[in-house]
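J.: Please see the structure below; I have some questions.
Numbering (the numbering used here), first residue to last: 12 to 854.
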């Protein structure tokens with residue numbers, strides 16, 4: 012600190028006796044020195060002093076010196092040392108982190124760096140100034156430019172990305188720095204490019220086509236691949252940014268034979284138990300696994316996924332991943348991520364799925380890798396994240412693969428093969444009936460995936476018999492699952508079994524018949540659906556029960572006498588009510604965990620309480636919900652239409668009343684809509700005025716900040732003699748300007764408050780009118796439906812009357828014919844005899 016003071020004395024001269032200059036005063040004089048000095052050495056010294064003060068007096072330096080420092084960057088390009096001081100000072104002013112020197116000064120806002128960045132980038136030419144300095148080869152200048160750009164991107168990433176995107180050669184200049192032989196600059200450039208490419212597809216494409224992948228793999232290779240330091244991780248993070256959600260770059264990566272270049276990253280030593288994995292190696296391999304998953308992510312197009320999967324199999328990458336899977340000494344988080352990665356590499360690719368199915372674990376006796384993985388999944392002592400990863404991998408192994416699904420079901424059927432060997436089916440049955448609720452859930456979901464879009468295996472699974480007690484007859488797996496559903500007291504097993512049964516019974520009448528024959532199976536579903544519990548999870552359970560009950564109706568082949576389609580429909584109508592049933596069914600898709608599960612095939616849960624619904628079940632529910640509701644609703648309407656409606660009085664008066672009411676409501680609706688449009692326009696106008704006021708207020712705040720900093724410096728110089736150098740703006744002038752701005756700001760604040768209140772009031776009025784419009788729309792709809800019903804009933808009565816008149820006419824003709832025949836036979840016929848009883852008999 013003494014050195015700093017002595018340096019400032021050299022630059023500013025000795026102060027007057029008894030007067031200690033304040034920080035604001037010193038900054039003011041230094042900025043003035045930079046502005047007015049004619050000698051380069053003086054400006055350089057002043058810039059060096061400003062840099063020294065910028066960490067302690069960031070606000071003062073930023074408020075008073077930013078414009079001056081930008082002028083230095085323009086006018087002193089020939090002097091690298093001065094340029095470097097100016098860049099470092101700007102970087103300190105706009106640093107996203109707080110300095111130790113500022114921690115005691117609580118008046119400094121935490122986001123002061125972001126505020127100064129916003130002021131700096133208002134003029135896009137300032138960014139061009141910084142980019143032009145990348146051409147300088149001087150080590151300190153180039154390093155300072157890279158660090159300043161990194162700070163700017165940290166503070167305002169979207170704004171800086173858009174500015175750089177339109178600057179000629181802006182991205183290219185940064186990419187050239189990756190080839191700098193000075194490692195410090197190269198490494199800082201990696202950090203800069205990571206921030207630059209995050210979330211911007213256009214910049215990602217430019218960087219990729221600037222040979223980014225080649226340069227990054229060269230750096231990774233020179234650093235030792237996965238055994239390298241943090242630079243390897245930075246290279247991989249940049250690759251990940253370039254590939255994530257960018258199909259163009261993925262195609263470029265695939266066609267450029269870069270997948271093969273990833274192989275050395277997964278080389279693990281034979282004696283990994285002794286050598287171990289350093290924390291940095293764990294991070295490096297983890298990043299590379301994320302890159303592999305990005306290439307084959309289910310969110311990519313099917314063509315990209317398929318092509319990448321084939322290449323990964325052909326070049327031996329899948330083989331290497333499986334080696335890591337079966338190796339000992341692999342850290343738990345790497346093992347978990349490798350399992351997820353293997354799953355996505357084989358997902359939907361029959362060749363890769365077959366390869367995984369043939370991988371044998373180095374156990375004694377040797378077992379298929381799939382079986383070893385399932386053993387860990389149903390083991391409650393294993394980490395939760397590992398068990399979730401195994402389930403996802405197993406789901407990927409079964410995805411769109413009828414042979415894998417058939418193999419799973421076959422392991423549950425009686426076989427002449429060696430029964431002593433443990434099979435995947437036995438493990439899943441054991442987990443299904445385990446006392447561990449997570450094992451129940453994992454096993455039920457895994458078994459469910461063996462039945463997806465495979466009606467043949469659904470019927471095959473009906474043949475599976477289980478021996479419950481010694482001496483008792485075996486019962487079917489379907490029967491046992493239904494009994495477990497009724498007996499379970501925990502939420503997870505019940506939800507899992509309902510999902511399994513729904514997948515099993517959909518599009519499989521034989522499974523529906525088997526379920527209907529289980530004692531009290533339907534009764535449990537009806538009781539659960541009609542339950543009045545209001546908890547979110549209870550609502551989900553009721554909705555799932557309703558879904559399974561609807562499946563029992565829709566896919567029913569009427570082979571079970573007591574539970575035909577019609578009898579089940581009548582049961583739902585009488586015991587639950589169609590409106591209640593529909594409401595309960597809709598509870599499923601409104602549940603938070605349902606919406607989370609529906610977003611991605613992988614189960615992304617950090618804790619056990621986060622898992623409840625499976626992705627594939629969401630797909631099934633989404634497809635069947637409307638079909639099942641339509642089936643039940645149409646039946647209900649048909650049932651009503653079969654009833655005879657006998658009304659003797661004419662319906663015309665009622666119909667006219669409905670018409671009059673609808674006309675009145677239409678007129679009221681039009682009036683409200685016109686009023687609503689007017690209020691919306693008024694609201695839009697006020698909102699625009701409010702935004703303008705807020706913008707002006709923000710601008711005034713910026714100017715006020717600058718003036719306050721200048722006032723602080725001017726007040727400290729107030730006692731100096733007139734012969735000393737004085738600030739450009741006198742305190743009285745500053746105070747006057749500040750008061751003027753404060754008055755303006757007060758006026759704007761009042762105006763903003765008034766406009767905000769008016770906007771709030773109008774929003775409330777708009778909301779009220781929207782509610783009124785919706786209510787009237789509802790009434791109009793109800794009245795129109797009632798009107799339609801009355802019209803239909805009236806038409807039906809008219810038709811019945813016409814039919815009756817035709818019958819009476821036919822009856823009169825036949826009576827006359829019979830009279831004629833009787834007269835011809837010599838019988839006496841009384842013309843006045845009443846004919847009404849005969850007509851009643853005929854009708």
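Here a beta-carbon is modelled for each residue, glycine too, at the ideal position from N, C-alpha and C.
Ignore the nearest five residues each way along the sequence and tell me which others in residue 156's own chain have a CB closer than 7 Å to its CB.
T.: Answer for residue 156: 98, 141, 144, 145, listed in chain order.
J.: For residue 44, which three-state DSSP category applies?
T.: Residue 44: helix per DSSP, three-state reduction.
J.: Keeping to the same chain, check which residues put their C-beta closer than 7 Å to that of residue 468; ignore five residues upstream and five downstream.
T.: Counting only Cβ-Cβ distances below 7 Å, and skipping sequence neighbours, we find 416, 417, 420, 461, 462.
J.: Can you grab the Cα-Cα spacing for the pair residue 274 / residue 324, in whole Å?
T.: Using only the alpha carbons, I get a separation of about 12 Å.
J.: Where residue 736 and residue 33 are concerned, what is the direct C-alpha to C-alpha distance, given to the nearest angstrom?
T.: Its pLDDT being 42, under 50, residue 736 is placed unreliably by the model, and nothing is read from it.
J.: Can you tell me whether DSSP reads residue 371 as helix, strand or coil?
T.: It is a strand residue.
J.: How many whole angstroms separate the CB atoms of residue 625 and residue 459, which I take to be in contact at a CB cut-off of 8 Å?
T.: Rounded, the Cβ-Cβ distance is 7 Å, consistent with contact.
J.: Taking the C-alpha atoms as reference points, what is the distance between residue 305 and residue 783?
T.: Distance between the alpha carbons of residue 305 and residue 783 is about 50 Å.
J.: Please return the same chain residues whose Cβ sits closer than 8 Å to the Cβ of residue 260, not counting the five positions on each side in sequence.
T.: Closer than 8 Å at the Cβ level, and outside the excluded window around residue 260, lie 215, 216, 219, 253, 254.
J.: Would you report the Cα separation of residue 662 and residue 813, rounded to the nearest angstrom?
T.: Residue placement at residue 662 is flagged as unreliable, the pLDDT there being 48, under the threshold of 50; a coordinate-derived value is accordingly withheld.
J.: Report the option in 277, 109, 640 whose CA atom is closest to the CA atom of residue 580.
T.: For the residues 277, 109, 640, the minimum Cα distance to residue 580 belongs to 640.
J.: For residue 379, which of helix, strand or coil comes out of DSSP?
T.: Residue 379: strand per DSSP, three-state reduction.
J.: Count the C-beta pairs between the segment 327-345 and the segment 385-392 that are closer than 8 Å, then say yes if the count reaches three, no if not.
T.: In short, these stretches do not touch, since the Cβ pair count stays below three.
J.: Could you check what DSSP says for residue 8 in three-state terms: helix, strand or coil?
T.: Nothing in the structure corresponds to residue 8, since the chain is present only between 12 and 854.
J.: Looking at residue 456: is its Cβ nearer than 8 Å to the Cβ of residue 402?
T.: In contact: residue 456 and residue 402 (Cβ atoms closer than 8 Å).
J.: State yes or no: is the C-beta of residue 138 within less than 8 Å of the C-beta of residue 178?
T.: Result yes, Cβ atoms of residue 138 and residue 178 sit closer than 8 Å.
J.: What's the gap between the Cα of residue 68 and the Cα of residue 768?
T.: The alpha-carbon atoms of residue 68 and residue 768 are separated by roughly 39 Å.
J.: Tell me the DSSP secondary structure of residue 339 in three-state form.
T.: Residue state, collapsed to three classes: coil.
J.: Where residue 589 and residue 565 are concerned, what is the direct C-alpha to C-alpha distance, given to the nearest angstrom?
T.: Near 15 Å, if we compare the C-alpha coordinates of residue 565 and residue 589.
J.: If we call anything under 8 Å between Cβ atoms a contact, is residue 301 one with residue 246?
T.: Not a contact, by the Cβ cut-off of 8 Å.
J.: Where does residue 854 sit, in a helix, a strand or coil, going by DSSP?
T.: Residue placement at residue 854 is flagged as unreliable, the pLDDT there being 31, under the threshold of 50; the coordinate-derived value follows with that caveat. Residue 854 falls in the coil class under three-state DSSP.
J.: Return the CA-CA distance between residue 509 and residue 559, expressed in angstroms with no decimal places.
T.: C-alpha separation (whole angstroms): 7 Å.
J.: Assuming residue 332 contacts residue 349 (C-beta within less than 8 Å), just tell me the rounded distance between them.
T.: Between residue 349 and residue 332 the Cβ distance is about 6 Å, and since that is below 8 Å, they are a contact.
J.: Got a sec? Which residues, its chain only, sit under 6 Å from residue 739 by beta carbon, not counting five neighbours each side?
T.: Residue confidence for residue 739 is low, a pLDDT of 44 falling below 50, so the modelled location carries little weight; the figure read from the coordinates is stated next. Contacts found: none.
J.: Spatial neighbours of residue 682 within its chain, please: CB distance less than 6 Å, with the 5 preceding and 5 following residues excluded, ordered by chain position.
T.: Same-chain partners within the cutoff: there are none.
J.: Return the chain-ordered ranges of every alpha helix (DSSP H) run that is complete within the segment 500-548 and spans a minimum of 4 residues.
T.: Fully enclosed alpha helix (DSSP H) runs of 4 or longer: 502-516, 520-527, 532-540.
J.: With 16 as the cutoff for other CB atoms within 10 Å, does residue 134 come out buried or exposed?
T.: That one is exposed.
J.: Is the beta carbon of residue 296 sitting closer than 8 Å to the one on residue 356?
T.: Against a cut-off of 8 Å, the Cβ pair of residue 356 and residue 296 comes out as no contact.
J.: In angstroms, rounded to a whole number, what distance separates the CA positions of residue 472 and residue 485?
T.: Roughly 15 Å separates the two Cα atoms.
J.: Take residue 835 and list the residues in its own chain whose beta-carbon comes closer than 8 Å to its own, dropping the five residues that flank it on each side.
T.: Around residue 835: no qualifying Cβ.
J.: Kindly indicate which three-state DSSP category residue 587 falls into: helix, strand or coil?
T.: Three-state DSSP puts residue 587 in coil, outside helix and strand.
J.: Work out the CA separation of residue 555 and residue 596 for me, nearest whole Å.
T.: About 7 Å.
J.: Just curious, the alpha helix (DSSP H) that residue 91 is in, first and last residue?
T.: Segment 91-104, the alpha helix (DSSP H) holding residue 91.
J.: Which residues in the same chain as residue 684 place their Cβ atom closer than 8 Å to its Cβ, once the five residues preceding and following it in sequence are excluded?
T.: Cβ neighbours of residue 684 beyond the five flanking positions: 784.
J.: Considering only the alpha carbon of each residue, which of 522, 607, 613 lies closest to residue 858?
T.: Residue coverage of the chain in this structure runs from 12 to 854, which leaves residue 858 outside it and unanswerable.
J.: Just to confirm my understanding: we take residue 839, look at its own chain, exclude 5 residues before and 5 after, and list those with CB closer than 7 Å. What are they?
T.: Closer than 7 Å at Cβ, skipping near neighbours: no residue.
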